[in-house]
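Structure, as structure tokens:
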Amino acid sequence: MAAERSASDVLDAAVHVRAAARSATSGATGMDAVLAALSEVMEYDHASLARWDPLRRRHTTLAGSYPDDATAYIEARLHHDPVFPLLHGPARGGLWLTDVPRHLLAASPGFREVLSPLGVEGGVAQCLFDTDGRYVGMLNVSTRRPRHAPDPARAVVVLLTEALAAAVGSRAGPPSGGPAPDGPAARGRGPDARPGRLSPREVQVLAEVAAGRTNREIAERLHVTPRTVGTHVEHILAKLGLPNRAAAAARAAALGIGPSV
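Reading the sequence shown from the start, the letters are residues 397 to 657 in this note's numbering.
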């Protein structure tokens, strides 16, 4: 394989991935172009983008290069794999194969039956959520050599998830209201995930988050500590079932919650 790309090269390649994802979101190009652009961020042996169908409760591959048996596993069995809760849990960051605890790999049919026979030693699986926190699908990337930190591709893949989620979500049609994989992982969603569950102070913090202010800036405005603001933000995300601050800001805008001047 070629030498590792520099951080500058990876960032330049990430811009191309975002452009490809936006083009796919608009329907101008297909998802294959997104994976092709992603190969410039990190060289891979296999990759796929799959959307989640909540009615059929399975993934559907939109673009990919895995063998048929691996694709079948991703579509019908991956969301039941013991490793999946780590992907779909509260942190919702990409899970790199080299970071998975060994006991989980030993218990994972996906690793034992699919990845290991392919000679896979590295890669990442990343769950994708839309701005309202709805699970829309996932990215899987596999390599025959491990990738270790520091690795600029690790950070870039996380930064690209919003654009990838928009592209995958655009193929999923309107929200069906169906559950996300393995119901307990869909914490905070449904009828109880409503603004009324927020305390008055949490509503204030949400309004400030919607204005794009940092925890320190919010703390100064509300006369509390940044740590207290951070706790409020964590509670807001948990109560509304949202993955990050950007999603919280989008929800606040949709609800008409804005900051005081």
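Cβ coordinates follow ideal geometry from the N, Cα and C atoms, glycine included.
- For leucine 445, the uninterrupted beta strand (DSSP E) segment begins and ends at 442 to 449.
- In the DSSP assignment, valine 532 falls within the unbroken beta strand (DSSP E) covering 531 to 539.
- Of the residues assessed, histidine 499 falls on the exposed side of the cut-off, its CB having fewer than 16 other CB atoms within 10 angstroms.
- Look at histidine 619 here: in three-state DSSP terms it is coil, with no helix or strand label.
- Shown here, alanine 551 sits in a helix according to DSSP, grouped into three states.
- Within its own chain, the residues whose Cβ lies closer than 7 Å to the Cβ of valine 532, once the five positions on either side in sequence are excluded, are Arg447, Trp448, Leu524, Phe525, Asp526, Ala561, Val564, Gly565, Ala568, listed in chain order.
- Taken through DSSP and simplified to helix, strand or coil, leucine 594 comes out as coil.
- Its chain contains Glu517, Gly518 as the residues whose beta carbon lies nearer than 6 Å to that of arginine 541, once the 5 sequence neighbours on both sides are disregarded; these appear in chain order.
- Counting only the Cα atoms, glycine 652 lies some 35 Å from alanine 521.
- Beyond the five residues adjoining it in sequence on each side, arginine 647 comes within less than 7 Å, by CB distance, of Asp528, Leu636, Leu638 in the same chain, given in chain order.
- For glycine 565, the enclosing alpha helix (DSSP H) stretches over residues 557 to 565.
- Annotated as distal: serine 435 and glycine 460, with beta-carbon spacing of 8 Å or more.
- The way I'd put it, the segment 449 to 457 does touch the segment 465 to 485; three or more beta-carbon pairs between them come closer than 8 Å.
- Valine 406 places its beta carbon less than 8 Å from that of alanine 549.
- Under DSSP, the beta-bridge partners assigned to alanine 459 are Leu445.
- Comparing alpha carbon positions, the residue from Met427, Pro450, Ala429, Pro463 closest to aspartate 441 is Pro463.
- Here DSSP, grouped into helix, strand and coil, assigns valine 479 to coil.
- For alanine 420 against valine 430, the beta-carbon gap comes to about 5 Å, under 8 Å, which counts as contact.
- Asparagine 611 is not a Cβ neighbour of proline 596, given a cutoff of 8 Å.
- Where alanine 521 is concerned, the enclosing beta strand (DSSP E) starts and stops at 518 to 525.
- CA-to-CA, the gap between histidine 628 and arginine 641 works out to about 12 Å.
- Following the DSSP letters along the chain, one finds aspartate 465 inside the alpha helix (DSSP H) bounded by residues 464 to 472.
- Taking a C-beta distance under 8 Å as the contact criterion, alanine 410 and leucine 556 qualify as a contact pair.
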